[in-house]
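Protein chains in written order, with full-length UniProt numbering: chain A, 1 to 202; chain B, 1 to 202; chain C, 1 to 202.
Idealized CB from N, CA, C, for every residue including glycine.
A quick write-up on the structure given underneath.
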């Protein structure tokens, strides 16, 4: 399914750019920016493959992911002053990446015949773990754990895909609808500034 | 051995509650609280299974662990104001989890025929790594690295189990004695406020 | 190749000492110091083996690494006041460890037939990931991401080894030259206080 592959590469580039940005903002040097870009782009999928026992992980089997992540990180490092123009489009690419990663992760888990809950969790993890490792490396509480609907969008898409899988919906339809749902919820969340409830422990 | 399984589920619930609490205290949203509960409950055993090459890890093969961890995290999130009543009992459940996790981890390592030191370390890791990842996600130096005898209790239990294994003690006796030792040391440590020495580098 | 094995053990000891130091400086107790020493010494190689699917990882197959890492951590904990004498030599041992770890990691990746870029990255990771996990556990932005040429030295050695592998240079020559390059760049960097460029985002 080459559309999904193209979307996956776009998402990889967008995630790498967000990781590299985080490194630049934390005053890291060239190596640090590359590590953060790389980890953000491939961390989630790599962790998923380790858990499924599918080693070496996807990015060591198809190095295009590594080249894109490192190339984009380098470009972000050297051109970041001019990248303000890209900030708005990047949000859209990031949403595309989010939807694609959830769908690819959930789908792969289903193929490995993990249970329904596991499949959803592995899909969400594919899309979110890279950003969490990025934030841990940058010595911050991961943004996604505090302020974002980011994760709910992923959950919705993963649940939808597992449901469509169980009613045996045609695969391309299931993948497109699920990825579309993630992207839609994510963009609406940005547009209307949605947030999840907090326990209000203070 | 169904007693061990029951203790394991109790420990999973107790660890999930402690993780969820940490998330609530750090002002995380619902998703963050779930992630912290889940990671605390299953992180150690998952890492052990990855190192032993036994993939997918236990929690993807028996989803009851995931359901318990997520269910308890949700309950903690919504009911945490009323859970003060549970704080004291939770310490006991937590000690039970600690002992059970050490014993299960060490036992599994022995079955995979890792060496004596490796088996002890994998047992200790099963019981402690989840809490370390929780603290890294919450952007804190893991509590266990600074102030607790927590780890010594685990070490004692792991060493005892490996020793009993080498003298071919009956398996149920070995498991019960080792888990009991961890729980006992842990409860005594709480009771008498024990602490490990520090190097005093200041 | 027993020279490489000897260098590997020296590197393991040096890395364990640096990890234990970090724990002492952060006021950790005995257990914390041991965990930091252990993770720094074996973290990179363990992560590499997980990614290559070679489980259990090297340190569970040859426990000498565990004994050295724990022994050195204990020694550092109890003798750290007298270890100022060792601080200067430790920098050299650390450089030896760096070179050896890069070469062993890259070489192992090549044997598993990963691509050229993957092999370099896995080599660099073998030498640097342990220190990154150490810094994350100590709740700091990993030093290597901010201030060090450390990583460039590793990259240079990894690239050289992959290049020599592709032109089919004799294996001992390739390994020695690559390790030597890492050690040389590292020592020159310390001597002349080199640093990588930053993006200067402020």
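Skipping 5 residues on each side, what residues in its chain have a beta carbon closer than 7 Å to that of residue i?
i              : result
residue 8(B)   : 100, 104
residue 134(A) : 19, 22, 36, 39, 40
residue 144(C) : 128, 131, 132, 150, 151
residue 174(B) : 161, 164, 165
residue 46(C)  : 57, 59
residue 207(B) : Nothing about residue 207(B) can be read from this structure; chain B reaches only from 1 to 202.
residue 146(B) : none
Please state the DSSP three-state secondary structure of residue i.
i              : result
residue 29(B)  : strand
residue 81(C)  : helix
residue 134(B) : helix
residue 56(C)  : coil
residue 8(C)   : helix
residue 180(B) : helix
residue 75(A)  : helix
residue 170(C) : coil
residue 63(B)  : coil
residue 114(C) : coil
residue 193(B) : coil
residue 142(A) : coil
residue 124(C) : helix
residue 102(B) : helix
residue 39(C)  : helix
residue 149(B) : coil
At a CB-CB cut-off below 8 Å, which residues of chain A make contact with residue i?
i             : result
residue 55(B) : 50, 51, 52, 53
What does DSSP give as the partner residue(s) for residue i in the beta ladder?
i              : result
residue 198(B) : 29(C)
Taking C-beta pairs closer than 8 Å, name the residues in chain B that residue i reaches, listed in chain order.
i              : result
residue 28(A)  : Residues of chain B passing the Cβ test: none, with the nearest at roughly 17 Å.
residue 125(C) : Near residue 125(C) there are no residues of chain B at all, since even the closest Cβ is about 16 Å away, more than 8 Å.
Whose Cβ in chain B lies nearer than 9 Å to the Cβ of residue i?
i              : result
residue 114(A) : 56, 60, 61, 63
residue 66(C)  : 115, 117, 118, 121
residue 111(A) : Result: empty, since nearest Cβ-Cβ is about 13 Å, beyond 9 Å.
Determine the chain B residues that contact residue i at a beta-carbon separation under 7 Å, and present them in chain order.
i              : result
residue 35(C)  : 145
residue 142(A) : 137
Cβ of residue i less than 8 Å from any chain F Cβ?
i              : result
residue 117(B) : You won't find chain F in this structure, because its protein chains are A, B and C.
Can you list the residues of chain A that residue i reaches, using a CB-CB cut of under 9 Å?
i              : result
residue 136(B) : 136
residue 160(C) : The premise fails here: residue 160(C) is roughly 17 Å from chain A at the closest Cβ pair, so nothing lies under 9 Å.
Please go through the same chain and pick out, in chain order, the residues whose beta-carbon is closer than 6 Å to the beta-carbon of residue i, but skip the five residues on each side of it.
i              : result
residue 158(C) : 102, 106, 120, 123, 124
residue 26(A)  : 138
residue 72(A)  : 13, 16, 17
residue 178(A) : 103, 157, 160, 161
residue 110(A) : 119, 165
residue 186(B) : 95, 98, 153
residue 201(C) : Residue placement at residue 201(C) is poorly supported in this model, since its pLDDT is 45, which falls under 50; the coordinates still yield a value, given next. Contacts found: none.
Identify the contact partners of residue i in chain C, using a Cβ-Cβ distance below 8 Å as the criterion.
i              : result
residue 197(B) : 29, 30
Using the beta-carbon of each residue, which ones in chain A are nearer than 7 Å to residue i?
i              : result
residue 152(C) : 31
Cutting at 8 Å between CB atoms, please list the residues of its own chain near residue i, excluding the five before and the five after it.
i              : result
residue 155(C) : 120, 124
residue 136(C) : 142
residue 68(C)  : 9, 12, 13, 16, 41
- Query: Does the segment 51-60 of chain A come within contact of the segment 40-60 of chain C, defined as at least 3 CB pairs closer than 8 Å?
  - Reply: Judged by Cβ distances under 8 Å, the segment 51-60 of chain A makes contact with the segment 40-60 of chain C, as three or more pairs qualify.
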